[in-house]
Amino acid sequence: MAISASYDRPTDQRRASSEPIGTAIHRRALSVLSSDSLWDRLAGDIGPILCHFALSVVEKTKGQDRVWFMARDGYIPMRLYDLLAAPTSPKSGYLHVSRKSLMSASSRSYGMREAYLAQWNGGDDRLGTLLTPLSSPASELEELVRHHGFSSLAENVDYRTDPRFHALVADSWVRARMESLNKRAVAGLHEYLEKSGFLADANVAVVDVGWAGQIQEALELSLGQVRRKPKIKGLYLALRELGGQRRAAGLDMEGLLSDCGSQRWRAEAVLSAVDIFEDTCRAHHGTVTGYHDGEPLLASDTPSRRSELADEPRLAKLHDAILRYATAFATAVREMGAKADDIRDVAESAALTLVRFPDAELYGFFGTIGHSLDFGVDVALPTESRASRLNPLAAIKGMRRARWKEGYVTGSVFRLPLQAALTVARLRRRGWVRGGSFVPVGKRRGPLENFVIALIHRLAWR
Numbered sequence: 131m132a133i134s135a136s137y138d139r140p141t142d143q144r145r146a147s148s149e150p151i152g153t154a155i156h157r158r159a160l161s162v163l164s165s166d167s168l169w170d171r172l173a174g175d176i177g178p179i180l181c182h183f184a185l186s187v188v189e190k191t192k193g194q195d196r197v198w199f200m201a202r203d204g205y206i207p208m209r210l211y212d213l214l215a216a217p218t219s220p221k222s223g224y225l226h227v228s229r230k231s232l233m234s235a236s237s238r239s240y241g242m243r244e245a246y247l248a249q250w251n252g253g254d255d256r257l258g259t260l261l262t263p264l265s266s267p268a269s270e271l272e273e274l275v276r277h278h279g280f281s282s283l284a285e286n287v288d289y290r291t292d293p294r295f296h297a298l299v300a301d302s303w304v305r306a307r308m309e310s311l312n313k314r315a316v317a318g319l320h321e322y323l324e325k326s327g328f329l330a331d332a333n334v335a336v337v338d339v340g341w342a343g344q345i346q347e348a349l350e351l352s353l354g355q356v357r358r359k360p361k362i363k364g365l366y367l368a369l370r371e372l373g374g375q376r377r378a379a380g381l382d383m384e385g386l387l388s389d390c391g392s393q394r395w396r397a398e399a400v401l402s403a404v405d406i407f408e409d410t411c412r413a414h415h416g417t418v419t420g421y422h423d424g425e426p427l428l429a430s431d432t433p434s435r436r437s438e439l440a441d442e443p444r445l446a447k448l449h450d451a452i453l454r455y456a457t458a459f460a461t462a463v464r465e466m467g468a469k470a471d472d473i474r475d476v477a478e479s480a481a482l483t484l485v486r487f488p489d490a491e492l493y494g495f496f497g498t499i500g501h502s503l504d505f506g507v508d509v510a511l512p513t514e515s516r517a518s519r520l521n522p523l524a525a526i527k528g529m530r531r532a533r534w535k536e537g538y539v540t541g542s543v544f545r546l547p548l549q550a551a552l553t554v555a556r557l558r559r560r561g562w563v564r565g566g567s568f569v570p571v572g573k574r575r576g577p578l579e580n581f582v583i584a585l586i587h588r589l590a591w592r
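The following block contains the structure:
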């Protein structure tokens, strides 16, 4: 049952506490968590970020006919939205779509867009990766690439400039293959969208954690030939530059915590460790691979799905802790009449602390969660190692290669100074900018660590 938020602020509640309303709400929500539980400690770090996101969605979707939470990453945000929604808020729905399920429906032919998306999601420039949108057996693709002068599907290719690849794209077999895939995919997708009720409304919001609006773009391209369709507004936890480019091209989308159009140095930290939020928010079912008879088809016995299933018990406990935090958060929001802006300092402080100052426990949890892009390559990506414990020079050298640098250095006894140095270096590169007040977040950090983070805030204000 949804807990409705009152948007009339009771002044007596505000006078009752000398601390900022966002801090008071966070403390109330944090009080239901135990410092003895790993899941509760993690929820205390992540909860403020996701609850601010959900409350922002409530405020941004006034006047919409419905709010659709899409992709697996929309699962937990939908649960939080339902807790925070007011009686007049639009109803929520879960839209079973994915990059994989929309690829063929959004592509009438194979070209540079399809090659780019395959490379972006697959992570490399091998021909086998670039040609995943064709969904063809390896034997057929091997014959195709050799016909156009390539050695094998394992060959690395610059798809933008290689004339052989351009000739391959123009091949009549490739065109016919994509037309056939597109026709079947569009029919299946439209049947699902009709059955789900998505096409019945005039104005809808689609919600996902982020990061570039790829699914929204593919969905809108897939609906290009449909006459009766809703106007779509995309809302994301964070939106990176590629999402800004899609917005400039005409798509309606916005990052609610971090947006490339108005960057905030604390909030943009989430883009340095996106796996945390994708894994935390994902639904318990496999990714959507397509549609049949108006129903979504879900991945089951694949390498990445088997890896995910091993992690589900841990993620279910984390979900339970986040929902307990969110329930207390929603109650406090209703009683104090809070707005998303009241929570922003807490959410941004949480993002900075979570991503820029993780400890070994947090990094150990997320570093062992199997994470897959699940786009053609379908493999469980390897996790990163940790820095040398007592050798700071080796830690610095390894840090340069790490994807999540602040997480990597949690193996070192010099973790805190290295993380602080990284944060200051990022600030110096982008320019000192006021970020707001620091609010200590979670149950895992001591006075020294909070003092260091608060000092960096003061430096950023100058």
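For the sequence shown, the numbering used here begins at 131 and goes up steadily by one.
Think of the CB as a built atom: it goes at the ideal place given N, C-alpha and C, for glycine as much as any other residue.
How is the beta strand (DSSP E) around residue i delimited, first residue to last?
i: tryptophan 198; result: 196–200
i: serine 388; result: 383–389
i: asparagine 333; result: 333–338
i: threonine 419; result: 418–422
i: proline 293; result: Counting along the chain, proline 293 falls outside any beta strand (DSSP E), though it belongs to the alpha helix (DSSP H) covering 293–299.
i: isoleucine 176; result: Premise fails: isoleucine 176 lies in the alpha helix (DSSP H), 168–190, not in any beta strand (DSSP E).
Flag this pair as yes or no: are the beta carbons of residue i and residue j separated by less than 7 Å?
i: valine 485; j: alanine 399; result: yes
i: arginine 519; j: valine 543; result: yes
i: lysine 573; j: serine 165; result: yes
i: valine 569; j: aspartate 472; result: no
i: isoleucine 406; j: phenylalanine 496; result: yes
i: alanine 525; j: tyrosine 205; result: no
i: tyrosine 455; j: alanine 159; result: yes
i: serine 222; j: tyrosine 240; result: no
i: glutamine 194; j: alanine 335; result: yes
i: isoleucine 179; j: alanine 477; result: yes
i: glutamate 272; j: leucine 283; result: yes
i: valine 188; j: leucine 213; result: no
i: glycine 541; j: arginine 516; result: yes
i: phenylalanine 280; j: tyrosine 289; result: no
Run the CB neighbour count on residue i, radius 10 Å, all protein chains shown included, and call it buried at 16 or more, exposed below.
i: arginine 171; result: buried
i: arginine 377; result: buried
i: aspartate 338; result: buried
i: aspartate 254; result: exposed
i: threonine 298; result: For clarity, residue 298 is leucine in the given sequence; the question names threonine instead. It counts as buried.
i: lysine 359; result: buried
i: glutamate 149; result: exposed
i: lysine 313; result: exposed
Can you tell me where the alpha helix (DSSP H) holding residue i begins and where it ends?
i: glutamate 408; result: 404–411
i: asparagine 312; result: 302–326
i: aspartate 450; result: 433–466
i: lysine 527; result: 522–531
i: leucine 585; result: 577–590
i: lysine 535; result: 535–538
i: threonine 553; result: 545–560
i: glutamate 270; result: 268–277
i: tyrosine 289; result: Taken as a continuous stretch (DSSP letters only), tyrosine 289 belongs to no alpha helix (DSSP H), as it is neither H nor E.
i: isoleucine 473; result: 470–486
Rounded to the nearest angstrom, how far is the Cβ of residue i from that of residue j, given a contact under 8 Å?
i: tryptophan 169; j: alanine 451; result: 4 Å
i: valine 571; j: threonine 483; result: 5 Å
i: glycine 343; j: glycine 327; result: About 23 Å; that fails the 8 Å criterion.
i: leucine 247; j: valine 287; result: So it is not a contact: roughly 15 Å between Cβ atoms.
i: histidine 587; j: leucine 387; result: So it is not a contact: roughly 17 Å between Cβ atoms.
Within 6 Å: the Cβ of residue i and any heavy atom of the ligand ZN?
i: arginine 533; result: Absence of the ligand ZN from the depicted structure is noted, as is the absence of any ligand whatsoever, leaving it without description.
Contact between the segment 372–379 and the segment 348–360 (3+ Cβ pairs under 8 Å) = no
Inter-stretch contact (C-beta, 8 Å, three-pair minimum) for the segment 227–236 and the segment 435–443 = no
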